[in-house]
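**Student:**
In this note's numbering, the protein residues as written are 35 to 210.
What follows is the structure, encoded as structure tokens:
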């Protein structure tokens, strides 16, 4: 029988802030599909300053991108969703704003679909986020590449779906 305390942590993004601290974002898997989002803050020497997990009953959270704003606020982007076997399975993009002590300032969910997930993001010249993602519209459809653009506040600017074949999954995993 699996040990319920056995966990597996994955880090998807690392960023250095203006004070040379390093932030890592990712997920904690605990032998289940209900992942917990993870942020770890390290000092410049690599020692852990704090570690915070984000969870919500009945949801899986994966954090995949972090950015520091000029005022020191951190923007963390990822996914939150209910697994395929649950009632109302879906995934939304999750936008967290936190302070440098790990305290949540705000959360916002955008772009709800049957299946999707933020993979990586970039910032455009106007300070908006463009994220590479995947989208699955329902249980029987294939995954398509998906780009989303939203403002710093999480307001939708545009979305674009990409598919060259109707008979296979095609996803995006990075953007530059």
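Beta carbons are placed, not taken as given, at the ideal position from N, Cα and C, and that holds for glycine. The structure presented is a predicted model; accordingly, all values stated were derived computationally and were not measured.
Give the straight-line distance between the Cα atoms of residue 37 and residue 87, rounded to the nearest whole angstrom.
**Tutor:** Reliability fails at residue 37, whose pLDDT of 48 lies under 50, so the model's placement of it is uncertain and no value is given.
**Student:** Would you list the one or two residues that DSSP bridges to residue 75?
**Tutor:** BP columns for residue 75 point to 57, 84.
**Student:** Could you check whether residue 196 and residue 178 sit closer than 8 Å to each other, using their CB atoms as the reference points?
**Tutor:** Result yes, Cβ atoms of residue 178 and residue 196 sit closer than 8 Å.
**Student:** Going straight from the alpha carbon of residue 171 to that of residue 149, what length do you get?
**Tutor:** Approximately 7 Å between the Cα atoms of the pair.
**Student:** Which of the three DSSP states is assigned to residue 143 in this structure?
**Tutor:** In the structure shown, residue 143 sits in a strand (DSSP, three-state: E or B).
**Student:** Using 8 Å as the threshold, is the C-beta distance between residue 43 and residue 67 below it?
**Tutor:** Not closer than 8 Å, so no.
**Student:** Select from 119, 80, 204 the residue whose C-alpha is nearest the C-alpha of residue 166.
**Tutor:** Minimum Cα distance to residue 166 is reached at 204.
**Student:** Taking Cβ positions, are residue 153 and residue 206 nearer each other than 8 Å?
**Tutor:** Contact: yes.
**Student:** Taking 8 Å as the limit between beta carbons, can you name the residues of its chain near residue 69, skipping five residues before and five after?
**Tutor:** Cβ neighbours of residue 69 beyond the five flanking positions: 61, 62, 63, 94, 95, 96.
**Student:** To the nearest angstrom, how far is it from the Cα of residue 112 to the Cα of residue 100?
**Tutor:** Cα to Cα, residue 112 sits roughly 9 Å from residue 100.
**Student:** Which word fits residue 128, buried or exposed, when buried means at least 16 other C-beta atoms lie within 10 angstroms of its C-beta?
**Tutor:** Buried is the call here.
**Student:** Measure the Cβ-Cβ separation of residue 108 and residue 134 and say whether it is below 8 Å.
**Tutor:** Closer than 8 Å, so yes.
**Student:** In its own chain, which residues sit with a C-beta less than 6 Å from the C-beta of residue 114, not counting the 5 before and 5 after it?
**Tutor:** 93, 95, 126, 128, listed in sequence order.
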